[in-house]
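Taking this note's numbering, the leading residue of the sequence shown gets 7, the next gets one more, and so forth.
Please read the structure below before turning to the comments.
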Amino acid sequence: MTEADLPPGDDTTVTRLGSGGPWEAVYGYSRVVRAGRSAWTAGCTSTVDGTVTHVGDAAAQTAQALRIGLAALAEVGAGAADVVRTRLYVTDRLFADEVGRAHNAVFGAIRPAATMVVVAGLLDPDHLVEVELEAYLPPS
7 MTEADLPPGD DTTVTRLGSG GPWEAVYGYS RVVRAGRSAW TAGCTSTVDG TVTHVGDAAA
67 QTAQALRIGL AALAEVGAGA ADVVRTRLYV TDRLFADEVG RAHNAVFGAI RPAATMVVVA
127 GLLDPDHLVE VELEAYLPPS
């Protein structure tokens, strides 16, 4: 799907796409949803083909999660430059710097609004970080 497939400013058009991830069907959610010019990802981790990658490396998990989130946004016509907000959930405040730097490597020039929250844990104990992305596609 591309932006051309959606009517300009039509907030009644909603697209929901899954990635085939292991929890989407079981828990009932989409990887990405686009409504009009706005798009949101579900929480993205470094899970690839059902396996957590980069175990023990918060920066690499962040980079992988951001790649997954950006790939999902691309499926509905949004790119990194369209991201207006990110949320990063980390399992230990000691990961803040490396997670923040991995975020900066992708979004440093774009500078979306961002929140980083320390949480007690994530779904898989090997997950150190989870990210959510929100995008807005301006009128063409």
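Every residue, glycine too, gets a C-beta built ideally from N, C-alpha and C.
- Task: Consult DSSP for Ala102 and reduce its assignment to one of helix, strand or coil.
- Result: helix
- What does a CB cutoff of less than 6 Å around Glu30 pick up in its chain, not counting 5 residues either side in sequence? Result list for Glu30: Gly24, in chain order.
- In this structure, does DSSP put Thr68 in helix, strand or coil? helix
- Query: Is there contact between the region 54-74 and the region 120-127, where contact requires at least three CB pairs shorter than 8 Å?
  - Reply: no
- Which residues in the same chain have their Cβ closer than 6 Å to the Cβ of Asp132, if we skip the five residues on either side of it in sequence? Take Asp132, set aside five residues on each side of it, and the residues of its chain with a beta-carbon closer than 6 Å to its own are Val58 and Val61, in chain order.
- How many angstroms separate the CA atom of Ala65 from the CA atom of Pro145? 34 Å
- With burial defined as no fewer than 16 other Cβ atoms inside 10 Å of the residue's Cβ, what is the status of Thr68: buried or exposed? By the neighbour-count rule (16 or more Cβ atoms within 10 Å), Thr68 is buried.
- What are the boundary residues of the beta strand (DSSP E) that Val32 is part of? Bounds of any beta strand (DSSP E) do not take in Val32; it lies within the alpha helix (DSSP H) bounded by Glu30 to Tyr33.
- Item | Rounded Cβ spacing between Glu140 and Arg91 (contact assumed at less than 8 Å) | At roughly 4 Å, the Cβ-Cβ gap stays under 8 Å, so Glu140 and Arg91 are in contact.
- Query: With Val39 and Val54 assumed to form a contact (beta carbons below 8 Å), what rounded beta-carbon distance in angstroms separates them?
  - Reply: At roughly 21 Å, the Cβ-Cβ gap does not stay under 8 Å, so Val39 and Val54 are not in contact.
- Message: Once the 5 residues before and after Arg22 are set aside, which same chain residues still bring their CB inside 6 Å of it?
- Response: For Arg22, where only same-chain residues beyond five positions count, the Cβ hits under 6 Å are Ser36 and Val39.
- Message: Please identify the residue among Ala86, Leu143, Val135 and Ala45 whose C-alpha is closest to the C-alpha of Leu100.
- Response: Cα-wise, what sits closest to Leu100 is Val135.
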